[in-house]
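Peer 1: What follows is a single structure, and I will ask about it in a moment.
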Amino acid sequence: MAIFVSILWNNVIPLSVMIALGITLHRVFSLDIKTLSKLNFYLFSPAMIFNLLYSTDISFPVMFKVLLFFFLFMILMYGCVEAVIRIRKTPNAMKGAVRNSILFYNSANYGIPLNQLAFASNPYTLSVQVLIMMMQSLLPNTYGIYNVNSHKLQAREIVRTILGLPVIYAIPVGLLMHNLHVPIPLALSTPLGYLANAFIGIALITLGVQLGSMKLTFRHPKLKDVLISCALRLIGGPLLALAVVWLLRTNSYTDIDSLMAKALIVSSCVPTSLSSVLLAVEFDNEPEFASQVVLLSTTLSIVTVTAVIYLLHI
0 MAIFVSILWN NVIPLSVMIA LGITLHRVFS LDIKTLSKLN FYLFSPAMIF
50 NLLYSTDISF PVMFKVLLFF FLFMILMYGC VEAVIRIRKT PNAMKGAVRN
100 SILFYNSANY GIPLNQLAFA SNPYTLSVQV LIMMMQSLLP NTYGIYNVNS
150 HKLQAREIVR TILGLPVIYA IPVGLLMHNL HVPIPLALST PLGYLANAFI
200 GIALITLGVQ LGSMKLTFRH PKLKDVLISC ALRLIGGPLL ALAVVWLLRT
250 NSYTDIDSLM AKALIVSSCV PTSLSSVLLA VEFDNEPEFA SQVVLLSTTL
300 SIVTVTAVIY LLHI
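Under numbering that gives the first Met the number 0, the sequence shown has 112 at position 113, and the numbering climbs by one with no breaks.
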């Protein structure tokens with residue numbers, strides 16, 4: 000019960016308050032969601048990623064094992080998503096939104112506080128979570144953009160769009176500057192900090208604005224798709240992570256310790272990422288569906304995340 004209350008109080012309620020503010024502001028002032036989306040993509044998100052990578056110590060062995068886990072986990076997760084899409088005969092226009100709602104999970108503003116809560120702010124497990132967050136920031140800005148545009152744009156246009164996003168440069172630059180111990184002048188580090196700190200708030204406000212512009216109903220024509228996406232994300236995610244961790248722990252070359260194994264499983268059980276909504280809004284690809292998956296998966300995660308932490312005996 001204590002874990003349940005902690006997750007509810009420290010994760011879900013703060014997110015809900017910000018989303019509610021976005022809904023309220025939109026209904027009073029009719030905010031421009033496209034402007035909010037561009038602020039997230041071109042300012043706040045790359046600043047947040049750069050800041051975390053620049054300030055977090057990550058050893059090469061940890062990086063290798065975490066990235067290997069992530070690669071195997073995403074392959075299995077993708078296989079499950081494609082099976083569901085084929086079975087349900089999902090229309091081409093919606094396939095990208097469904098994939099994004101399951102493959103992209105909230106490893107930043109949900110995953111990092113959850114990691115600190117579950118592991119008592121352990122710097123080792125935090126470095127694991129930061130690496131997962133780095134990959135979960137890179138994928139939406141590369142594969143995610145391809146996903147939502149492949150049915151309507153040519154490959155050259157998609158590549159041009161991807162290369163125009165700052166976050167794909169923020170990741171290697173942040174890692175390189177950290178490893179080379181390159182200092183950032185105060186005149187740059189202060190505004191960078193302002194932008195990084197604004198990411199979570201603006202992203203949640205954007206989600207609230209999107210939700211405020213649509214009519215939520217339990218008879219939504221895509222409700223079944225929403226529920227399936229939530230189930231794959233919240234239940235399928237940790238089960239597949241458990242399978243990958245077991246595989247890596249039985250291999251003498253990739254053996255991972257118990258603490259890393261638990262951190263990786265916890266990192267996989269979080270709800271759908273805000274990136275799926277930002278992509279859906281920015282490229283006009285099923286924004287209502289994406290918003291409902293984020294909202295419902297975040298709400299249901301109170302129960303599922305608590306269960307995962309309890310079963311891991313953290």
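Even glycine gets a Cβ: it sits at the ideal position worked out from N, Cα and C.
1. Where do the ends of the alpha helix (DSSP H) carrying Ser-267 lie?
2. From Val-158 to Pro-286, what distance separates their C-alpha atoms?
3. Given Ile-227, which residues of its chain have a CB within under 7 Å of its CB, disregarding the five upstream and five downstream residues?
4. Taking the beta carbon of Arg-26 as the centre, do at least 16 other beta carbons fall within 10 Å, making it buried, or is it exposed?
5. Let me know the alpha helix (DSSP H) ranges lying completely inside the stretch 105-179, each 4 residues or longer, listed in chain order.
6. Below 8 Å on the Cβ atoms is my contact criterion, and I expect Leu-164 with Asn-146 to pass it. Report the Cβ-Cβ distance as a whole number of Å.
7. So Leu-35 is in the alpha helix (DSSP H); what residue range does that whole segment cover?
8. I need the boundaries of the alpha helix (DSSP H) containing Phe-288, first residue and last residue.
9. Specify, as a first and last residue, the run of the alpha helix (DSSP H) that Asp-224 falls within.
10. Quick one: using the 10 Å Cβ neighbour count with 16 as the cut-off for buried, is Pro-190 buried or exposed?
11. Would DSSP call Tyr-252 helix, strand or coil?
12. By the 10 Å Cβ neighbour count, where 16 or more other Cβ atoms means buried, how is Val-333 classified, buried or exposed?
13. Roughly how many angstroms separate the alpha carbons of Gln-291 and Pro-182, rounded to a whole number?
14. Measuring CB to CB, does Ala-195 end up less than 7 Å from Met-62?
15. Considering only residues of the same chain and omitting the five flanking positions on each side of Leu-125, which have a CB-CB separation below 8 Å?
16. So, using beta-carbon positions, are Val-80 and Thr-89 closer together than 7 Å?
17. In terms of residue numbering, what span does the alpha helix (DSSP H) encompassing Ile-12 cover?
18. Using 10 angstroms around the beta-carbon of Ser-120, count the other beta-carbons present and answer buried if the total reaches 16, otherwise exposed.
19. Around the Cβ of Ser-188, are there at least 16 other Cβ atoms within 10 angstroms (buried) or fewer (exposed)?
20. Roughly how many whole angstroms lie between the Cα atoms of Pro-45 and Val-172?
21. Short of 8 Å in beta carbon distance, which residues of its chain neighbour Val-166, apart from the five on each side in sequence? Order them along the chain.
22. Measure from the C-beta of Arg-98 to each C-beta in chain D and report whether the shortest distance is under 7 Å.
23. For Lys-318, which residues in the same chain have their Cβ closer than 7 Å to its Cβ, ignoring the five residues on either side in sequence?
24. Do you know how far the Cα of Lys-261 is from the Cα of Ala-240?
25. Under 6 Å Cβ to Cβ from Pro-270, same chain only, skipping five residues before and after it: list those, please.
26. Taking DSSP as the reference, what is the three-state secondary structure of Thr-205?
27. Should Gly-278 and Asn-148 be called a contact, given that it needs their Cβ atoms to be closer than 7 Å?
Peer 2: Working from what's here:
1. Here Ser-267 belongs to no alpha helix (DSSP H), and DSSP marks it neither H nor E.
2. Distance between the alpha carbons of Val-158 and Pro-286: 22 Å.
3. So the qualifying residues of the chain are Val-83.
4. It is exposed - the Cβ of Arg-26 has fewer than 16 other Cβ atoms within 10 Å.
5. If only complete runs of 4 or more residues are kept, the stretch 105-179 shows the alpha helix (DSSP H) at 110-117, 122-137, 144-148, 154-162 and 166-178, in order along the chain.
6. Between Asn-146 and Leu-164 the Cβ distance is about 14 Å, and since that is not below 8 Å, they are no contact.
7. Bounds of the alpha helix (DSSP H) holding Leu-35 are 32-38.
8. Its alpha helix (DSSP H) spans residues 286-310.
9. Its alpha helix (DSSP H) spans residues 222-230.
10. By the 10 Å Cβ count, Pro-190 comes out exposed.
11. Secondary structure at Tyr-252: coil, using DSSP grouped into helix, strand and coil.
12. Here the chain has residues from 0 to 313 only, and residue 333 is not among them.
13. Near 42 Å, if we compare the C-alpha coordinates of Pro-182 and Gln-291.
14. Cβ atoms of Ala-195 and Met-62: not closer than 7 Å.
15. Cβ within range, chain order: Thr-55, Ile-111, Asn-114, Gln-115 and Phe-118.
16. No.
17. Counting along the chain, the alpha helix (DSSP H) containing Ile-12 begins and ends at 12-28.
18. Classification for Ser-120: exposed.
19. Ser-188 is classed as exposed because its beta carbon has fewer than 16 other beta carbons within 10 Å across all chains shown.
20. Rounded to whole angstroms, the separation of the alpha carbons of Val-172 and Pro-45 is 11 Å.
21. Result list for Val-166: Phe-40, Ser-44, Pro-45, Ile-48, Ser-136, Leu-137 and Asn-140, in chain order.
22. Protein chain content of the structure displayed is limited to a single chain, and chain D is not contained in it.
23. Coverage of the chain is limited to positions 0 through 313, which leaves residue 318 absent and any answer about it impossible.
24. Taking the straight line joining both Cα atoms gives about 10 Å.
25. For Pro-270, where only same-chain residues beyond five positions count, the Cβ hits under 6 Å are Asn-105, Ser-296, Thr-297 and Ser-300.
26. DSSP places Thr-205 within a helical segment (H, G or I) once states are collapsed to three.
27. Correcting the residue type first, residue 278 is Leu in the shown sequence and not Gly. Cβ atoms of Leu-278 and Asn-148: not closer than 7 Å.
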